[in-house]
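Number of protein chains: 2
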Amino acid sequence: MLNPAVSQAAAPMTAAARSARAAEFQTAGQEIAEVLRLIQEQLQPQRRIVRAGETLYQAGERFGNLYVLNSGLFKLINLSSDGREQVVALKFRGDWLGFDGIAAGQYACDAVAMDTGEVWVMRYDAVLAACALRPALLRVLHEAMSREIGRDRDSLMSVCSLPADARVADFLRYWAESLAKRGLRTDQITLRMTRAEIGNYLGMTLETVSRSLSRLARQQLICFTEKGRRDVHIPDVMALVSFVQSAVAPAPATLQ
Amino acid sequence: MLNPAVSQAAAPMTAAARSARAAEFQTAGQEIAEVLRLIQEQLQPQRRIVRAGETLYQAGERFGNLYVLNSGLFKLINLSSDGREQVVALKFRGDWLGFDGIAAGQYACDAVAMDTGEVWVMRYDAVLAACALRPALLRVLHEAMSREIGRDRDSLMSVCSLPADARVADFLRYWAESLAKRGLRTDQITLRMTRAEIGNYLGMTLETVSRSLSRLARQQLICFTEKGRRDVHIPDVMALVSFVQSAVAPAPATLQ
DNA sequence: CGTTCGATTGAGGAAGATCAATTAATGTGG
DNA sequence: CCACATTAATTGATCTTCCTCAATCGAACG
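Going line by line, the protein sequences match chains H and X. In case it helps, the numbering used here puts the first sequence at residues 2 to 257. In case it helps, the numbering used here puts the second sequence at residues 2 to 257.
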């Protein structure tokens with residue numbers, strides 16, 4: 002978009018940087034588990050099993066609950082007043098859902114499960130009451146909201162400043178790192194979105210998504226499993242990071 | 002981008018819809034004033050005058066304060082790990098700043114004043130303490146965070162689903178409505194951003210911003226004042242809304 | 001009054017959208 | 001389990017939007 006697309010093999014990363022990143026994710030995974038434990042203890046939330054395609058809440062619906070994802074995967078679909086609709090966020094284990102409803106007293110988007118999962122349901126009032134007794138819980142709540150703000154802005158930056166291939170690469174990186182932070186396998190990703198949905202999320206057409214994935218595969222940054230192109234194997238997440246960087250800082254022209 | 006650009010004069014809006022929208026903004030303006038009063042009473046924040054160009058906090062700086070804007074105008078500039086930087090949000094009277102710092106314990110962006118203004122400075126801990134005593138304050142805080150999440154997503158949608166001209170129109174509409182909600186004059190806007198900054202915020206080049214503004218002016222959706230092209234006169238905000246809609250729902254082909 | 005920075009406008013080119021055809025996966029009823 | 005229908009994905013050809021490069025103009029400022 003703004004920057005020239007650079008189609009090049011990615012630069013490698015040092016082993017030190019690699020293990021630092023891995024350690025960071027490991028502690029993050031522990032934190033997520035701790036937070037879930039705290040929520041469970043303090044709020045005794047109602048558990049709800051959702052299946053792929055089920056809607057947790059819908060845009061316009063009266064706000065009242067907050068949700069925490071214990072397992073599974075959600076997409077949030079925003080609708081504008083003029084009828085556009087778009088995937089604006091993805092939610093993984095440990096993420097909260099429903100914050101968007103607090104401001105106006107009604108949810109601003111649809112929360113749709115992309116997989117079977119378990120959601121913890123809590124009345125917002127009950128959360129507030131528990132927070133009043135347990136400051137740690139309030140801190141956790143605010144951290145979650147703050148993280149959501151930060152993530153939304155990162156999405157905006159990706160869409161605004163990266164060319165299509167890098168945007169897809171950054172999307173895969175984000176997905177892989179989200180799994181890594183939760184202690185899940187990161188080399189094999191099952192994309193539970195169609196090309197059209199990915200494109201909708203990233204601000205491009207499904208054809209461009211398909212072409213970008215093909216190009217990334219041709220450059221060995223990803224590979225498809227033998228059965229189906231829904232599963233993506235990422236041999237090295239850092240290579241994706243480097244690829245995005247190389248697209249931003251185009252062609253250093255043998256500078257050192 | 003995703004949708005075909007439609008260059009047409011905008012459809013008018015009913016007087017009823019117009020006044021409903023105006024009333025909505027008036028009550029919003031009162032709410033903002035009330036919220037500011039509540040904050041002032043409960044927190045007795047330290048006041049700080051900022052001048053255009055001054056930085057309230059910077060990315061990476063240790064988090065500790067939250068801020069509320071009593072007057073003036075701020076931009077938030079996000080920086081990615083690979084060096085890209087982008088305007089990701091604008092802040093008006095009554096808006097909070099600093100939420101992005103809660104999650105990681107350090108701010109994630111630069112907050113830069115675009116105008117002389119007054120900022121209220123509060124320790125995050127002090128805010129939490131006050132919230133513990135006054136549930137209304139906690140509600141206000143959460144509403145502000147929720148609104149920020151919602152706004153960020155609207156930005157994302159605009160960038161992902163609108164062609165350049167509509168994106169600029171939507172930007173002007175957002176700015177005008179932000180002023181309207183605060184009881185300020187909405188027909189005359191002083192853009193305190195260069196074309197380059199606007200383009201950076203909207204994900205397009207400064208030339209495209211310039212051309213889009215020229216086209217909007219040619220269609221009488223905006224006009225420039227005699228002195229300078231920094232001031233934009235918007236004769237009818239609703240016409241901008243209609244223009245964006247017409248770009249989304251392309252050419253109904255004389256349907257009715 | 002020249003210098004500088006920002007804005008405008010034009011010409012050409014490139015990334016990505018659109019249209020279209022083909023192939024692969026998924027599902028359905030017999 | 002297969003034939004068929006349906007939906008998703010890929011790939012190619014063409015067209016549009018917007019980016020890039022460049023020149024000009026205007027405003028602000030020392």
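Even glycine gets a Cβ: it sits at the ideal position worked out from N, Cα and C.
Chain H within 8 Å of residue i, Cβ atoms only
| i | result |
| --- | --- |
| glycine 204/X | yes |
| isoleucine 199/X | no |
| phenylalanine 100/X | yes |
| aspartate 153/X | yes |
| methionine 146/X | yes |
| glutamate 149/X | yes |
| histidine 143/X | yes |
| leucine 157/X | yes |
| leucine 139/X | yes |
| leucine 129/X | yes |
| valine 120/X | no |
| serine 179/X | no |
| serine 162/X | yes |
| methionine 2/X | In this prediction, methionine 2/X has a pLDDT of 42, which is less than 50 and means its spatial position is unreliable; what the coordinates show is noted afterwards. Yes, because at least one Cβ of chain H sits closer than 8 Å to the Cβ of methionine 2/X. |
| aspartate 188/X | no |
Contact belief for residue i with residue j at Cβ below 8 Å, rounded distance in angstroms
| i | j | result |
| --- | --- | --- |
| valine 113/H | threonine 56/H | 5 Å |
| leucine 222/X | alanine 170/X | 7 Å |
| glycine 95/X | leucine 70/X | 7 Å |
| valine 245/X | leucine 203/X | About 13 Å; that fails the 8 Å criterion. |
| tyrosine 108/H | alanine 60/H | 6 Å |
| leucine 139/X | leucine 129/H | 7 Å |
| isoleucine 33/X | arginine 183/X | 6 Å |
| leucine 44/X | methionine 146/X | Between methionine 146/X and leucine 44/X the Cβ distance is about 16 Å, and since that is not below 8 Å, they are no contact. |
Spatially closest choice to residue i from the options, by CA coordinates
| i | options | result |
| --- | --- | --- |
| glutamine 87/X | Met239/X, Asp237/X, Thr206/X and Gln45/X | Thr206/X |
| phenylalanine 100/X | Arg152/H, Glu35/H, Lys228/H and Arg219/H | Arg152/H |
| cysteine 224/H | Ala127/H, Ala34/H and Ile190/H | Ile190/H |
| aspartate 111/X | Arg148/X, Arg63/X and Leu214/X | Arg63/X |
| isoleucine 235/H | Gly200/H, Leu192/H and Asn201/H | Leu192/H |
| arginine 231/H | Ala29/H, Tyr125/H, Ser215/H and Ala240/H | Ser215/H |
| leucine 157/H | Gly30/X, Leu80/X, His143/X and Gln59/X | Leu80/X |
| glutamate 42/X | Leu134/X, Ala248/X, Glu208/X and Leu98/X | Leu134/X |
| tryptophan 1/H | Phe93/H, Ala29/H, Val89/H and Ser82/H | The displayed coordinates of chain H run from 2 to 257. Any statement about residue 1/H would go beyond what the structure contains. |
| phenylalanine 172/H | Asp83/H, Tyr68/H, Ile199/H and Ile40/H | Ile199/H |
| leucine 39/X | Trp121/X, Ala197/X and Ala248/X | Trp121/X |
| aspartate 188/X | Val210/X, Arg219/X and Thr226/X | Thr226/X |
| alanine 53/H | Glu144/H, Leu74/H and Leu44/H | Leu74/H |
| arginine 154/H | Thr117/X, Ser82/X, Val89/X and Arg174/X | Val89/X |
| glycine 229/X | Leu241/X, Arg219/X and Thr195/X | Thr195/X |
| valine 238/H | Ala250/H, Leu217/H and Val249/H | Leu217/H |
| serine 247/X | Leu37/H, Met123/H and Arg85/H | Arg85/H |
Simplified DSSP state of residue i, which is helix, strand or coil
| i | result |
| --- | --- |
| phenylalanine 100/H | helix |
| phenylalanine 75/X | strand |
| threonine 56/H | strand |
| threonine 191/H | strand |
| methionine 2/H | Confidence at methionine 2/H is low in this model, with a pLDDT of 43, below 50, so its placement is unreliable and the value that follows should be read with caution. If DSSP states are grouped into helix, strand and coil, methionine 2/H belongs with coil. |
| aspartate 237/X | coil |
| arginine 258/H | One cannot answer for residue 258/H here, as it falls past the ends of chain H, which runs 2 to 257. |
| arginine 212/H | helix |
| glutamine 220/H | coil |
| glutamine 9/X | Confidence at glutamine 9/X is low in this model, with a pLDDT of 38, below 50, so the placement of that residue is unreliable and no value is reported for it. |
| glutamine 45/H | coil |
| leucine 207/H | helix |
| leucine 185/X | coil |
| alanine 248/H | helix |
Cutoff 8 Å: residue i Cβ touching any chain X Cβ
| i | result |
| --- | --- |
| isoleucine 103/H | yes |
| valine 169/H | no |
| phenylalanine 172/H | no |
| glycine 65/H | no |
| methionine 239/H | no |
| asparagine 79/H | yes |
| glycine 61/H | no |
| valine 113/H | no |
| valine 245/H | yes |
| glycine 30/H | no |
| serine 345/H | Outside the shown range of chain H, which is 2 to 257, sits residue 345/H, and nothing can be said about it. |
| serine 72/H | no |
| alanine 133/H | yes |
Residue i beta carbon near the ligand NAP (any heavy atom closer than 7 Å)
| i | result |
| --- | --- |
| aspartate 155/H | This structure lacks the ligand NAP, and indeed carries no ligand of any kind. |
Sequence ranges, beta strand (DSSP E) only - wholly within the segment 84-169 of chain H, length at least 3: The segment 84-169 of chain H contains these whole beta strand (DSSP E) runs: 86-92, 110-114 and 118-124.
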